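K.L.:
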Ligand SMILES: Nc1ccn([C@@H]2O[C@H](COP(=O)(O)O)[C@@H](O)[C@H]2O)c(=O)n1
Ligand SMILES: [Zn+2]
Ligand SMILES: [Zn+2]
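Numbering (my numbering), first residue to last: 133 to 713.
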């Protein structure tokens with residue numbers, strides 16, 4: 133990390149108002165513990181955050197208040213720090229675990245790959261002991277038993293200062309893409325299970341001042357699983373505050389479920405620390421505050437009343453920052469592959485109007501076309517038809533995770549833009565009139581969320597109605613671009629007042645199309661992650677011609693030897709080495 137991490141912004145910061153019980157939330161960090169090198173707004177690292185938590189706790193205790201720390205999962209996939217080890221997360225988990233959390237749980241990114249789940253279960257779960265909980269995710273242990281993915285399905289504890297009794301639960305959304313060690317019981321099912329209802333019954337008869345649900349699911353009103361859960365929890369705890377913490381959709385959000393129930397979600401990628409304070413838990417009118425703190429030293433110092441970094445930093449925080457630098461050197465994260473001539477934006481540039489700054493158009497025109505077929509496995513059928521056919525290479529935009537910034541494009545940027553080790557498959561000899569329909573069919577359909585289920589949602593639905601409303605914030609001209617959140621409490625949640633970032637619609641899938649003659653049959657190459665979805669679209673495109681559909685599916689095969697070197701992150705690196713020197 134360069135020493136220029138302390139940003140001097142002119143913006144006025146909104147203050148946090150400390151209550152009886154206070155929370156700091158992280159979620160969907162995806163391994164970004166080094167901070168954002170290209171964005172000063174999010175340039176603090178995990179060591180700085182550790183100092184912040186310690187300083188803020190001191191402040192809360194001075195005011196006779198509690199501070200609890202929660203993390204809602206998705207700590208892997210999305211940054212070189214996490215994804216350049218095997219299994220991914222070896223170093224990033226070590227750094228993450230330097231911080232004590234009061235309640236912590238898993239997200240779907242701890243569950244895709246078996247080795248990642250094993251690392252998580254064998255190192256992170258024991259590190260946090262009773263604080264690591266999961267109510268609806270189970271892990272198949274080496275004895276062949278399903279056990280909670282965590283120490284238990286709940287945590288019951290008493291806070292240090294006010295001595296509140298907290299009953300904590302944790303839920304993952306209905307995720308079906310887990311590896312063979314993982315079993316997820318959807319919320320809709322678990323709320324009917326005797327064992328779960330008995331647990332609620334048991335604790336409804338104990339002293340509970342607060343129910344805390346630390347989950348990996350969005351908090352927006354239209355996410356029905358939360359509503360289903362809330363109705364059941366309210367039956368058992370009719371007059372107790374139920375506080376939800378969510379994640380997964382990578383946005384800042386706060387929703388009000390009823391007069392004693394609220395939900396906070398704190399963004400992604402170490403851009404945001406969520407703050408929540410609650411007071412007068414036993415009254416009908418709860419006093420509360422929520423803030424989305426920008427992940428930078430200026431915000432951290434401001435909220436802890438420090439005027440110098442030297443005064444603010446703790447020994448522990450500095451040690452963790454140093455460890456991050458060492459790991460970054462060891463992994464060679466700043467090894468450069470070229471210099472990007474300008475920035476490319478994922479949602480900040482308009483894909484539909486062919487904006488040259490659109491990252492997705494850049495991928496279609498220059499990156500996907502770099503893919504080479506290569507047959508290595510003995511048991512793999514050669515792709516006989518490819519030589520003379522046209523070719524489409526199709527990916528889900530969810531596999532592209534972040535903007536690509538002007539300047540140095542290095543080993544870390546490669547994983548930041550696209551970390552997944554997905555494999556390529558091919559449908560051969562698809563008639564051109566059928567092939568051209570695949571992308572539009574998928575883009576008319578719902579957002580692709582999962583590899584092996586039809587469980588999909590509309591991207592616009594990831595925003596609460598308040599977030600979807602036009603944001604008519606402030607006199608925006610003099611401000612910097614940044615997050616501008618509108619939630620159930622209004623538009624004063626962001627600690628830093630920004631001008632809204634441009635945000636364009638992102639399609640579900642993008643594709644390259646290489647052809648000599650548009651009538652030629654097409655080989656459709658796509659990530660195995662979206663196989664089910666592509667086959668569903670193919671079926672639609674074939675219409676009544678079932679024979680055609682079945683003969684195409686019968687020939688479905690891998691496209692190349694599927695090693696990491698061929699994923700889109702690697703293709704991007706290949707392009708940078710060739711064109712950005
Ligand atoms: N192998 C994979 C795994 C995931 N994705 C994409 O990630 C999305 C989920 O990410 P969250 O941080 O929101 O949980 C998923 O919907 C896919 O788009 C992928 O492309 N390949
Ligand atoms: Zn995530
Ligand atoms: Zn997630």
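Don't be surprised by glycine CBs; every beta carbon is placed ideally from N, CA and C.
Given the structure is predicted, the values throughout are model-derived calculations rather than measurements.
At a cut-off of 8 Å, is residue 206 close to ligand 3 when judged by its beta-carbon and the heavy atoms of the ligand?
P.N.:
For ligand 3, at least one heavy atom lies less than 8 Å from the Cβ of residue 206.
K.L.:
If we count Cβ pairs, one from each stretch, closer than 8 Å, do we get three or more for the stretch 554-570 versus the stretch 651-665?
P.N.:
The stretch 554-570 is in contact with the stretch 651-665.
K.L.:
Rounding to the nearest angstrom, what Cα-Cα distance links residue 281 and residue 238 in this structure?
P.N.:
Cα-Cα distance, rounded: 8 Å.
K.L.:
With a threshold of 8 Å (Cβ to nearest heavy atom), would residue 220 be considered close to ligand 3?
P.N.:
Every heavy atom of ligand 3 is 8 Å or more from the Cβ of residue 220, so no.
K.L.:
Please work out which residues of its chain come closer than 8 Å, Cβ to Cβ, to residue 360, disregarding the five sequence neighbours upstream and downstream, and give them in chain order.
P.N.:
Same-chain partners within the cutoff: 319, 320, 323.
K.L.:
Using a Cβ-based criterion (distance less than 8 Å to any ligand heavy atom), does residue 379 qualify as near ligand 3?
P.N.:
Yes, ligand 3 has a heavy atom inside 8 Å of this Cβ.
K.L.:
For residue 532 and residue 665, which I take to be in contact (beta-carbon distance under 8 Å), what is that distance rounded to the nearest angstrom?
P.N.:
About 16 Å separates the two Cβ atoms, so there is no contact after all.
K.L.:
Any chance the CB of residue 239 is under 8 Å from a heavy atom of ligand 2?
P.N.:
Correct: residue 239 has its Cβ closer than 8 Å to ligand 2.
K.L.:
Using only the alpha-carbon positions, how far apart do residue 515 and residue 311 sit?
P.N.:
Low per-residue confidence applies at residue 515: pLDDT is 45, beneath 50, and the placement is therefore not dependable enough to give any value.
K.L.:
Would you be able to state if there are at least three C-beta pairs under 8 Å between the stretch 469-483 and the stretch 185-200?
P.N.:
Verdict: no, contact absent.
K.L.:
Could you check the C-alpha separation between residue 468 and residue 713 for me, to the nearest Å?
P.N.:
Cα-Cα distance, rounded: 10 Å.
K.L.:
With a floor of 4 residues, list each alpha helix (DSSP H) that falls wholly inside the stretch 185-225, ordered by position along the chain.
P.N.:
Within the stretch 185-225, the complete alpha helix (DSSP H) runs of at least 4 residues are 212-215.
K.L.:
Helix, strand or coil for residue 504 per DSSP?
P.N.:
In the structure shown, residue 504 sits in coil (DSSP, three-state: anything other than H, G, I, E or B).
K.L.:
Can you tell me where the beta strand (DSSP E) holding residue 556 begins and where it ends?
P.N.:
556-562 is the span of the beta strand (DSSP E), which, as asked, contains residue 556.
K.L.:
Quick check on DSSP: helix, strand or coil for residue 628?
P.N.:
Residue 628: strand per DSSP, three-state reduction.
K.L.:
What would DSSP say about residue 139, mapped onto helix, strand or coil?
P.N.:
In the structure shown, residue 139 sits in coil (DSSP, three-state: anything other than H, G, I, E or B).
K.L.:
Which of the three DSSP states is assigned to residue 418 in this structure?
P.N.:
Coil at residue 418, not helix or strand.
K.L.:
By a C-beta neighbour count over all protein chains shown, 10 Å radius and 16 as the cutoff for buried, is residue 596 buried or exposed?
P.N.:
A caution first: residue 596 carries a pLDDT of 33, below 50, which makes its placement in the model too unreliable to give a value.
K.L.:
If contact is defined by three or more beta carbon pairs under 8 Å, each pair taking one atom from either stretch, is the stretch 523-537 in contact with the stretch 476-489?
P.N.:
At 8 Å Cβ cutoff, the stretches touch.
K.L.:
Grab the span of the alpha helix (DSSP H) containing residue 666 for me, first residue to last.
P.N.:
Its alpha helix (DSSP H) spans residues 663-674.
K.L.:
CB residue 278 to CB residue 332, shorter than 9 Å?
P.N.:
No, Cβ-Cβ distance for residue 278 and residue 332 is not below 9 Å.
K.L.:
Hey, is residue 203 close to ligand 2, as in C-beta under 8 Å from one of its heavy atoms?
P.N.:
Checking the Cβ of residue 203 against ligand 2 gives no.
K.L.:
By how many angstroms is the C-alpha of residue 570 removed from the C-alpha of residue 186?
P.N.:
If you take the alpha carbons of residue 186 and residue 570, they lie about 52 Å apart.
K.L.:
Let me make sure I understand the geometry here. Which of 619, 542, 377 has the alpha-carbon closest to that of residue 709?
P.N.:
Closest by alpha carbon: 542.
K.L.:
Please classify residue 404: does DSSP put it in a helix, a strand, or coil?
P.N.:
Strand.
K.L.:
Measuring alpha carbon to alpha carbon, tell me which residue in 206, 207, 213 is nearest residue 546.
P.N.:
The candidate whose alpha carbon is nearest that of residue 546 is 213.
K.L.:
Confirm, please, whether the CB-CB distance from residue 656 to residue 500 is below 9 Å.
P.N.:
Contact flag unset, no.
K.L.:
Use the C-beta contact count for residue 419: other C-beta atoms within 10 angstroms, 16 or more gives buried, fewer gives exposed.
P.N.:
Its Cβ having fewer than 16 others within 10 Å, residue 419 is exposed.
K.L.:
Alpha carbons only, please: which of 340, 389, 327 is nearest the one belonging to residue 354?
P.N.:
Ranking the options by Cα distance to residue 354, first place goes to 389.
K.L.:
Nearest to residue 148 by CA position, among 530, 346, 406, is which residue?
P.N.:
With distances taken between Cα atoms, residue 148 lies closest to 406.
K.L.:
With a threshold of 9 Å between beta-carbons, can residue 502 be considered close to chain B, or not?
P.N.:
In summary, chain B is missing from the structure at hand, where a single protein chain is found.
K.L.:
State yes or no: is the C-beta of residue 401 within less than 9 Å of the C-beta of residue 341?
P.N.:
No; because the gap between Cβ atoms is not below 9 Å, this pair is not in contact.
K.L.:
From the DSSP output, which residues share a beta bridge with residue 284?
P.N.:
According to DSSP, residue 284 bridges with 265.
K.L.:
With a threshold of 8 Å (Cβ to nearest heavy atom), would residue 160 be considered close to ligand 2?
P.N.:
Result yes, Cβ under 8 Å from ligand 2.
K.L.:
So is the beta-carbon of residue 362 under 8 Å away from any non-hydrogen atom of ligand 1?
P.N.:
For ligand 1, not one heavy atom lies less than 8 Å from the Cβ of residue 362.
K.L.:
Between 169, 494, 144, which lies nearest to residue 457 when the distance is taken from Cα to Cα?
P.N.:
When each option's Cα is compared against that of residue 457, the closest is 169.
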